[in-house]
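Using this note's numbering, you'd call the opening residue of the sequence shown number 5 and step up by one each time. Yeah, the Cβ is synthetic: ideal placement off N, Cα and C, and Gly gets one too. From a predicted model like this one, the values you see are computed outputs, not experimental measurements. For reference, the structure is listed below as structure tokens.
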Amino acid sequence: MTEQFLDAVTDLFIQRHGRILYESIHLVLTSKNAGTKKSRYKLACEHYRALVGVQKYANKNQKKAIHQSIDD
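Structure follows, in structure tokens:
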């Protein structure tokens with residue numbers, strides 16, 4: 005595998021996990037359904053851990069995107 009390919013895959017990984025993290029947190033904060041809140045909180049935690057875990061393989065720009073996803 006080339007470095008370009010790995011960078012592209014890592015970018016996609018960060019984007020997808022960041023989007024799901026953001027959407028899950030939004031639902032936790034806005035949903036009135038307790039079951040939805042609980043399941044989305046659990047999902048948000050999983051995607052947060054995935055983003056934190058990929059940090060050690062990320063380049064400078066990717067780390068920036070990870071931090072932005074986590075901060076948002």
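Exercise for the section: Report yes or no: do the segment 40 to 52 and the segment 6 to 16 share at least 3 C-beta pairs separated by less than 8 Å? Expected result: Contact fails: fewer than three Cβ-Cβ distances are below 8 Å.
Problem - Inter-residue spacing [alpha-carbon to alpha-carbon] between residue 61 and residue 49 - result: Annotation: residue 61 to residue 49 spans about 20 Å, alpha carbon to alpha carbon.
Practice task
Pull up the distance between the alpha-carbon of residue 55 and that of residue 27, whole angstroms please.
Solution key: Pairing residue 55 with residue 27, the inter-Cα distance amounts to about 15 Å.
Exercise for the section: Closer than 7 Å by C-beta to residue 6: which residues in its own chain qualify, once you throw out the five before and the five after it? Chain order, please. Expected result: By the criterion of a C-beta distance shorter than 7 Å, residue 6 is surrounded by no residue of its chain, once the five residues flanking it on both sides are discounted.
Problem - Local conformation of residue 28 per DSSP, three classes - result: Correct three-state label for residue 28: helix.
Exercise for the section: Assuming residue 51 contacts residue 33 (C-beta within less than 8 Å), just tell me the rounded distance between them. Expected result: Not a contact, Cβ separation roughly 16 Å.
Exercise for the section: Give the single residue among 9, 36, 11 and 23 whose Cα lies nearest to the Cα of residue 75. Expected result: Closest option to residue 75, Cα to Cα, is 23.
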